[in-house]
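First comes the structure, then the notes that go with it.
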Amino acid sequence: MTEWLKDVEPLTLKGQIAVPYTWWAGETGSRFLVSIRDKRKILGTKCKECGKVFVPPRKNCGRCFTNMEEWVEIADEGVIKAHTIVHYAHPLQPVGPPFAYALIRLDGADVDFLHLIKKDLDKIRNGLRVKAIFSEQRTGHILDIDSFELI
Ligand SMILES: [Zn+2]
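Mapping the sequence shown onto numbering that gives the first Met the number 0, position 72 (from 1) lands on 71, and the numbers just tick up by one.
Printed below as a string of structure tokens:
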């Protein structure tokens, strides 16, 4: 160690980096996103062992570890299971505030689907029903479902 460093505290410097990347959505993710983009249909995969339906779809059941090859169409409506309202802006948020992140149990699914609610934030309660609003311009992104709205 250099002599002069013995008598000073170590310094740290804070920084932030942005790393652009392109990541393949994968076979399962691509089929899910293409269905939303081209048909406005939400698909899930069903486990042949336990019968659970996953949305977004997964290639393998996390409970049974079996390969899931059965695709099922899921309703574009469901129930809010949990939510949080976001009041602050952050570069990593998908939209500006205020909005809500909600875990939505779509009809026909056995797991909750994380998405956004942008309207009627003062009326959101767990247990209320919501419906998907699809974007007019769809590009194969999860935000091809613009958000969910209270029914
Ligand atoms: Zn299973």
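Where a beta carbon is used, it is the ideal one built from N, C-alpha and C, also for glycine.
None of these values were measured; they are calculated from a predicted model.
Counterpart residues of residue i in DSSP-defined beta bridges
i	result
LYS45	VAL52, GLU69
ILE35	According to DSSP, ILE35 bridges with nothing at all.
LYS130	GLU76, GLU148
PHE98	VAL85
LEU113	LEU102
ASN125	Beta-bridge pairing links ASN125 to no other residue.
Check: residue i C-beta below 7 Å from any heavy atom of ligand 1
i	result
LYS58	no
GLU68	no
ARG62	yes
THR21	no
Beta-carbon proximity of residue i to residue j, cut-off 8 Å
i	j	result
THR25	ALA108	Checking the sequence, you will find Gly at residue 25 rather than Thr. Not closer than 8 Å, so no.
LEU115	PRO90	no
LEU120	ASP111	no
Residue i (DSSP reduced to helix, strand or coil)
i	result
LYS13	coil
ILE141	helix
LEU105	strand
Specify whether the region 75–85 and the region 121–136 touch according to this definition: at least 3 beta carbon pairs, one from each stretch, less than 8 Å apart. yes
Across the region 135–145 and the region 25–39, are there enough close Cβ pairs to call them in contact, namely three or more that are closer than 8 Å? yes
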